Amino acid sequence: PHATLGKRIYDYILVPVLDSQGDVTAVAGTTRDITEIRKLLEQKDAFLAIASHELKTPLTSLKTYGQVLQDIFESRNDEQAVLMLGRMDNQVNKLTNLINDLLDVTRIQSGKMQFNKDDFDLSRIISDILDDLQLTTAKHSIKKDLPDHLPMWGDKERIGQVITNLVSNAIKYSPAGGEIQVVLRKVGDDILLSVKDFGIGIPEGMHSRIFEQFYRANNFREAISGIGIGLFICAEVIERSGGKIWADSNEGAGSTFYVSMPIRQAKDQ
């Protein structure tokens, strides 16, 4: 610790200095005090965690009261009121999902994201998710090409979260509607999943950055609302499951997201 400033955190960058023969003759470097930056990041994570927890309680109550009202108006055959309450419930679900994503970000940053692994049928999980998501859009046609069965060992909730996020993004970033293609294959000891849309696409040079926390491509910010944490969470879940996630896209020509994961994930991952 510093004699007067206490414990400090430094970022070091070192590069070798080579002579004409390619041999290292010296080392050059820079040192940057990042103590205050680290404190700000920790404060941000703490705020997100507290705010997210505080918001969940009133949202749970709001959803419960909304469902009670919906049941009352259904018994009175008031279709207009039931319709409006159904829309309100959808918005509450969206806000709940956003809060859960923020909580996941804080868990990732603190190393507390948990995985509960078991055997499950990945084809069945994906099929059920796609059927549910198809009900949320009339402008899109979700086409699925899945094996009849694909047994897998892993955290089905977390993997389902990734699939939901990728397909939801395909819907969101294809505002004009159209087809979304979801393909699942077994490749050796791995699974390979692809989600293809024909939407606005991602500018070249930004394919890797879209998996960064709170990052959004320029055309995303201009066209679609969002805060840029969904793909960050997807990448963390897949990487911590021993897999890889990447995107192939051209601006204006749609995007294809790929996920590759081992079928039998290590029990200690």
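Quick note: the sequence shown uses this note's numbering, first residue 10, plus one each step.
Every residue, glycine too, gets a C-beta built ideally from N, C-alpha and C.
Here the structure is a predicted model, which means the values were calculated and not measured.
- Check the Cα spacing between Ile134 and each of Asp110, Lys152, Pro160: the tightest is with Pro160.
- The beta-carbon distance between Lys126 and Gly186, rounded to whole angstroms, is 37 Å. This is too long to meet the 8 Å contact definition.
- Asp42 has its alpha-carbon roughly 20 Å from the corresponding atom of Val36.
- Sorting Val268, Ala262, Glu245 by C-alpha distance to the C-alpha of Trp255 places Val268 at the top.
- Beta-carbon to beta-carbon, Phe207 and Ser177 are separated by about 16 Å, too far to satisfy the 8 Å threshold.
- Thr146 sits in coil when the DSSP states are folded into three classes, being neither helix nor strand.
- Non-local C-beta neighbours of Val33 in its own chain, meaning closer than 8 Å and more than five positions away in sequence, comprise Pro25, Val26, Leu27, ordered along the chain.
- DSSP, reduced to helix, strand and coil, places Asp28 outside both helices and strands of the structure shown, so it counts as coil.
- A direct Cα-Cα distance of roughly 22 Å separates Leu68 from Glu83.
- For Tyr267, the secondary structure class from DSSP, reduced to helix, strand or coil, is strand.
- Distances from the alpha-carbon of Asn174 to those of Ile18, Ala147, Phe241 put Phe241 closest.
- In chain order, Ser269, Met270, Pro271, Ile272 place their CB closer than 7 Å to the CB of Asp199, counting only its own chain and leaving out the 5 sequence neighbours on each side.
- Here Phe129 carries a strand assignment [DSSP, helix/strand/coil].
- For Phe124, the closest alpha carbon among the candidates Gln170, Lys72, Phe220, Asp87 is that of Gln170.
- Between Gly38 and the set Lys53, Asp20, Lys48, the nearest pair of CA atoms involves Asp20.
- Less than 8 Å separates the beta-carbon of Thr146 from that of Ile180.
- If you look at Arg41, you'll find it in the beta strand (DSSP E) that goes 33-42.
- Relative to the Cα of Lys48, the nearest Cα in the group Asp98, Ile18, Leu23, Ile59 belongs to Ile18.
- Between the C-alpha atoms of Leu111 and Gln30 there is a straight-line separation of about 52 Å.
- Annotated three-state conformation of Asp113 is helix, per DSSP.
- Here Val191 is near Lys153, since their CB atoms are less than 8 Å apart.
- Annotated three-state conformation of Pro212 is coil, per DSSP.
- For Gln89 and Ala244, the gap between their C-alpha atoms comes out near 41 Å.
- By the CB criterion at 8 Å, Gly75 and Asp54 fall outside the cutoff.
- With a contact defined as Cβ atoms closer than 8 Å, His158 and Asp141 miss out at about 20 Å.
- For Glu166, the closest of Asp113, Ser264, Leu78, Thr265 by C-alpha to C-alpha distance is Asp113.
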